[in-house]
Amino acid sequence: MYIKLTRPDRFYAALSRLKVRLDGELVCKIKNGDSQTIELDSHQQPATLQIKQWFAKSNKLDVQAGDAVVIDTRKWIYFLPMAVGLIGGVSPIAYSRLFSEVSWLFESIFIMPILTGVLTGVMVSVPFSLFASYQLRKV
Numbered sequence: 771m772y773i774k775l776t777r778p779d780r781f782y783a784a785l786s787r788l789k790v791r792l793d794g795e796l797v798c799k800i801k802n803g804d805s806q807t808i809e810l811d812s813h814q815q816p817a818t819l820q821i822k823q824w825f826a827k828s829n830k831l832d833v834q835a836g837d838a839v840v841i842d843t844r845k846w847i848y849f850l851p852m853a854v855g856l857i858g859g860v861s862p863i864a865y866s867r868l869f870s871e872v873s874w875l876f877e878s879i880f881i882m883p884i885l886t887g888v889l890t891g892v893m894v895s896v897p898f899s900l901f902a903s904y905q906l907r908k909v
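Each residue of the sequence shown is one higher than the one before, counting from 771 in my numbering.
What follows is the structure, given as structure tokens:
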């Protein structure tokens, strides 16, 4: 009793493996452009399949023996690099406008990269935590 899981060859997160969880337990990792066959026990019917990677996750999908599942990337993921670039471009302007009156507080040359790093980290991690980055669908 098996299910077949396929991850098409995509640009996004191509170098990292996705953790495949079946009923909350890690069963395997799948790399870009790979297919995995996952064995289901008879008492696991139906089972809940989910993908996780760092902050990113997928929807939960109920699977049964014989199902073929494909991992797709949600379209909103591809806008994150633009958002990070926007933060990097706007940060120096915002820094000079917002903190010009209290410049004595932020006189360090290192505060700009730190502020940009914190803003970028929040910008990247919050959407990953709130929304599904991957979509599991049966074929």
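Glycine included, C-beta positions come from ideal geometry on N, C-alpha and C.
* **Segments of 3+ residues assigned as beta strand (DSSP E) that fall wholly inside the stretch 835-860** => 838-843
* To do: Reducing DSSP to helix, strand and coil, say where Val797 ends up.
  => Residue 797 sits at position 27 when you count from the first residue of the sequence shown. Reduced to three states, the DSSP call for Val797 is strand.
* Label Asp779 either buried or exposed according to how many other C-beta atoms from any shown protein chain fall within 10 Å of its C-beta, with 16 as the threshold for buried. => Taking the first residue of the sequence shown as 1, we reach residue 779 at position 9. So Asp779 counts as exposed.
* Compare the C-alpha of Ile821 against each of Lys845, Gln834, Val840, Gly803 and name the closest. => The residue given as residue 821 occupies position 51 in the sequence shown. Comparing Cα-Cα distances from Ile821 to each of Lys845, Gln834, Val840, Gly803, the minimum goes to Val840.
* Cβ-Cβ separation, Lys774 to Thr807 (assumed contact under 8 Å), whole Å -> The residue you call residue 807 lines up with position 37 of the sequence shown. The residue you call residue 774 lines up with position 4 of the sequence shown. That pair is a contact at about 6 Å.
* Alpha carbon of Gln815 to alpha carbon of Ser895, nearest angstrom -> One-based indexing of the sequence shown puts residue 815 at position 45. One-based indexing of the sequence shown puts residue 895 at position 125. Between Gln815 and Ser895, the C-alpha separation is close to 34 Å.
* Would Ala826 be called buried (16 or more neighbouring beta carbons within 10 Å of its own) or exposed? -> As a first step, residue 826 is located in the sequence shown; it is residue number 56 there, counting from the start. Counting Cβ neighbours within 10 Å, Ala826 comes out buried, since at least 16 surround it.
* Rounded separation between Ala857 and Ile884 - CA only -> In the sequence shown, counting from the first residue as 1, residue 857 sits at position 87. In the sequence shown, counting from the first residue as 1, residue 884 sits at position 114. A small correction: the amino acid at residue 857 is Ile; Ala does not occupy that position in the sequence shown. Computed Cα separation, rounded: 13 Å.
* Please report the Cβ distance between Asn829 and Leu906, rounded to the nearest whole angstrom; I am assuming they are in contact, meaning their Cβ atoms lie under 8 Å. => Position 59 of the sequence shown, counted from the start, is the residue given in the question as residue 829. Position 136 of the sequence shown, counted from the start, is the residue given in the question as residue 906. Yes, they are in contact, since the Cβ atoms of Asn829 and Leu906 sit about 6 Å apart, within 8 Å.
* Candidates Gly891, Tyr848, Glu809, Asp837: closest to Tyr904 by CA position -> In the sequence shown, counting from the first residue as 1, residue 904 sits at position 134. Ranking the options by Cα distance to Tyr904, first place goes to Tyr848.
* When you compare only the Cα positions, how much space is there between Lys799 and Arg787? -> As a working note, residue 799 is residue 29 in the sequence shown. As a working note, residue 787 is residue 17 in the sequence shown. Approximately 6 Å between the Cα atoms of the pair.
* Which residues in the same chain as Leu831 place their Cβ atom closer than 6 Å to its Cβ, once the five residues preceding and following it in sequence are excluded? -> In the sequence shown, residue 831 corresponds to position 61, counting from 1. Once the five neighbours on either side are set aside, the close Cβ partners of Leu831 are Leu819, Leu906.
* **Distance between Leu900 and Val860 (C-alpha atoms, nearest Å)** => The residue given as residue 860 occupies position 90 in the sequence shown. The residue given as residue 900 occupies position 130 in the sequence shown. Each residue's alpha carbon lies about 24 Å from the other.
* Asked: Hey, how far is the Cα of Asp804 from the Cα of Leu792?
  -> In the sequence shown, counting from the first residue as 1, residue 804 sits at position 34. In the sequence shown, counting from the first residue as 1, residue 792 sits at position 22. Taking the straight line joining both Cα atoms gives about 18 Å.
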